[in-house]
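Chain order of the listed sequences is A and B. Those letters in the first sequence? Residues 1 to 239, per my numbering, in order. Those letters in the second sequence? Residues 1001 to 1239, per my numbering, in order. Worksheet for the structure shown next.
Number of protein chains: 2
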Amino acid sequence: MTQGTRRDRARADTDRDIRRQARALLISDGPQAVTLRAIARELGITAPALYRYYASREDLIEHLRADVCADLGGDLDQDLADVAESDHLAQVLAVCRGFRRWALAHPQEFTLVFATPPHDPRKDPARDSFGRIFLGVAGRILAAGGLVTPPEQDIPATLVKDLTVFRSDLLDTMAAAGVSIADSRLGLATAYVMLRFWVRLYGQVALEVFGQFPFPVTDAEPIFESMLADLVREVGLSD
Amino acid sequence: MTQGTRRDRARADTDRDIRRQARALLISDGPQAVTLRAIARELGITAPALYRYYASREDLIEHLRADVCADLGGDLDQDLADVAESDHLAQVLAVCRGFRRWALAHPQEFTLVFATPPHDPRKDPARDSFGRIFLGVAGRILAAGGLVTPPEQDIPATLVKDLTVFRSDLLDTMAAAGVSIADSRLGLATAYVMLRFWVRLYGQVALEVFGQFPFPVTDAEPIFESMLADLVREVGLSD
DNA sequence: ACAGTCCGTAAACGCTGTTCACAACATCGC
DNA sequence: GCGATGTTGTGAACAGCGTTTACGGACTGT
């Protein structure tokens, strides 16, 4: 299969360089350092050249967000590779710990992806949300492990419709990935538990990343582990 | 008592105007819109004039943060004023709901105060954290209500020292506010419960503000209320 | 009245995102 | 191979940014 023209390849190379440089600037100096001129300078081109690749600075930033999500997803997959597939508890723990570890090591990227106020109501943030990706991965493990779920009447009524869509979406995603989950294994209540799982995890990690403890905490890891132990116990995954 | 010179009063007026304008820009168009020139333009002065009041744009932003915290604290106090002081459950619910309501109504301000990666390790973020302020208020209610606390051996060992400092700090704050809490009412375990309370609340609210649900949620309030019900039940404050 | 302080300005510097017209090069189809 | 088309990058320009500096005028205290 042809690799495209030499020009296509050169374009892809340049695009990759642009993204790599943008990321480096984000990581080292935060979002305000991701300027078109800084990127261009590093690549030995001028800023207007970047408009050949992206419609705007904001467009580039959006792609950066997607890159961060994809890389994080890849990292979590790697974390999972080291754990026996049948050990559901260990897998869930690995994913959650991986997420936290990554977040603490990448505060600028975390902020970019996970803590930006929505500004375009027409664009459905949930469609690209990492929570969705996370639950695509962790949800599979959670569902396979068999969860302790609350009675379905405990699910807020206004949530049922949303959960139904999410659940079938999740089943489709899993089916597309060659994962077969029995219908009974992923009911509404299970989807609800997954949602709450994510809320708890995200909240704990965000608070740590943004230093929002009400007092100086020497070592936050035990707090996280305690929360995690609670979580897995509540969903019935603990020993 | 003298009000100071006319110049002092003019300075205070101008400062107030600067802050008001900066806030308005933040709210309407986000942090990148808070430029010295935009503020100056609105006040009919030039940008360099602002350096008579603030050392830098960043200095102004820091003051803006403090303003937001103070205003939020005032809002929560108002929420509390409508609730009988003896109804501890209602007071806690009011404060938590007030916090969420405010956060959802003020996403840019929330982001500025609650979701900025720390960048100055020498400056102790926890000293100015709103979590601290929040627990100064809510902690009083929680302690007065008498909490169900875990056994002290459940407190992570590495946290004990931090909690001890926090607890005595909290007692001092309350004493200074004329609130007397018996020593036994605010032990280490209680302080730990308060910490976990804040983590849960913050996490839920942040996730909502940043639209980090894994799927579109039509109405997030029931999720919040469900979490809140869990929280107050866990601390022994429910009916 | 005078000296010191404060406030605001204009000019300047170096930086930003973006647009536009042009030139050079690469690719494609005949 | 050649001409037409598309792509890539440039330089110039525009309007905007944060910040510094020196100056002049107003205010304050003695």
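Idealized CB from N, CA, C, for every residue including glycine.
Asked	Found
Taking the alpha helix (DSSP H) that B:V1160 belongs to, which residues open and close that run?	1160 to 1176
Give the interface partners of B:R1200 over in chain A, defined as CB-CB distance under 8 Å, in chain order.	R200, G203
With a threshold of 8 Å on Cβ separation, who are the neighbours of B:A1033 within its own chain once the five nearest residues in sequence on each side are excluded?	L1025, L1026
Quick one: Cα of A:A177 to Cα of A:G131, how far?	18 Å
Answer yes if the segment 155 to 173 of chain A comes into contact with the segment 1215 to 1232 of chain B, meaning at least three C-beta pairs across the two stretches below 8 Å, and no otherwise.	yes
Expressed to the nearest angstrom, what Euclidean distance is found between the alpha-carbon atoms of B:A1229 and A:D183?	30 Å
Less than 8 Å between C-beta atoms, sequence neighbours within five positions excluded: which residues of the same chain meet that for A:D79?	A94, V95, R97, G98
So, under 8 Å CB-CB, B:A1143 and B:R1100 are touching, yes? Tell me the CB distance rounded to an integer number of Å.	With 8 Å as the limit, B:A1143 and B:R1100 do not qualify as a contact, their Cβ atoms being about 22 Å apart.
Using a Cβ-Cβ distance cut-off of 7 Å, determine whether A:L142 contacts chain B.	no
Have a look at B:L1159 and A:Q204 and give me their C-alpha separation to the nearest angstrom.	16 Å
For A:F99, would you say it is in contact with chain B, using Cβ-to-Cβ distances shorter than 7 Å as the test?	no
Roughly how many angstroms lie between the CA atoms of A:D59 and A:A175, to the nearest whole one?	32 Å
Pull up the CB-CB distance for B:I1141 and B:V1199, whole angstroms please, since I reckon it's below 8 Å.	Actually they are not in contact, since the Cβ atoms of B:I1141 and B:V1199 sit about 18 Å apart, beyond 8 Å.
Would you tell me roughly how many angstroms separate the C-alpha atoms of A:T164 and A:R57, rounded to the nearest one?	37 Å
Could you check how far apart the C-beta atoms of A:Q108 and A:G211 are, in whole angstroms? I think they sit under 8 Å.	With a Cβ gap of about 14 Å, A:Q108 and A:G211 do not count as contacting.
Apart from the five residues just before and just after A:Q21, which ones in its own chain have a Cβ nearer than 7 Å to its Cβ?	I39, E42, L43
In chain B, which residues lie less than 9 Å from A:I61 when you measure between Cβ atoms?	Neighbours of A:I61 on chain B: none; closest Cβ ~12 Å, over 9 Å.
Consult DSSP for A:P121 and reduce its assignment to one of helix, strand or coil.	Any reading at A:P121 needs caution, since the residue's pLDDT is 48, under 50, leaving its predicted position unreliable; the model's value is listed next. Looking at A:P121 - three-state DSSP - the assignment turns out to be coil, as it is neither helix nor strand.
Using CA coordinates, which residue listed in B:S1238, B:L1207, B:A1105 is at the minimum distance from B:S1028?	B:A1105
Between A:R23 and A:D67, which are expected to be in contact by the criterion C-beta below 8 Å, what is the C-beta distance as a whole number of angstroms?	7 Å
Answer with yes or no whether the minimum CB distance from A:A33 to chain B is below 7 Å.	no
Whose C-beta lies closer than 8 Å to the C-beta of A:D77 among residues of the same chain, with five residues either side of it excluded?	V137
Within its chain, find whatever has a CB closer than 6 Å to the CB of B:P1121; leave out the 5 residues flanking it on each side and keep chain order.	Model confidence at B:P1121 stands at a pLDDT of 47, short of 50, so the residue's coordinates are unreliable; what they give is reported in the following sentence. If we look at B:P1121 and ignore the five residues flanking it on each side, it has no Cβ neighbours.
Helix, strand or coil for B:P1156? Go by DSSP, reduced to three states.	coil
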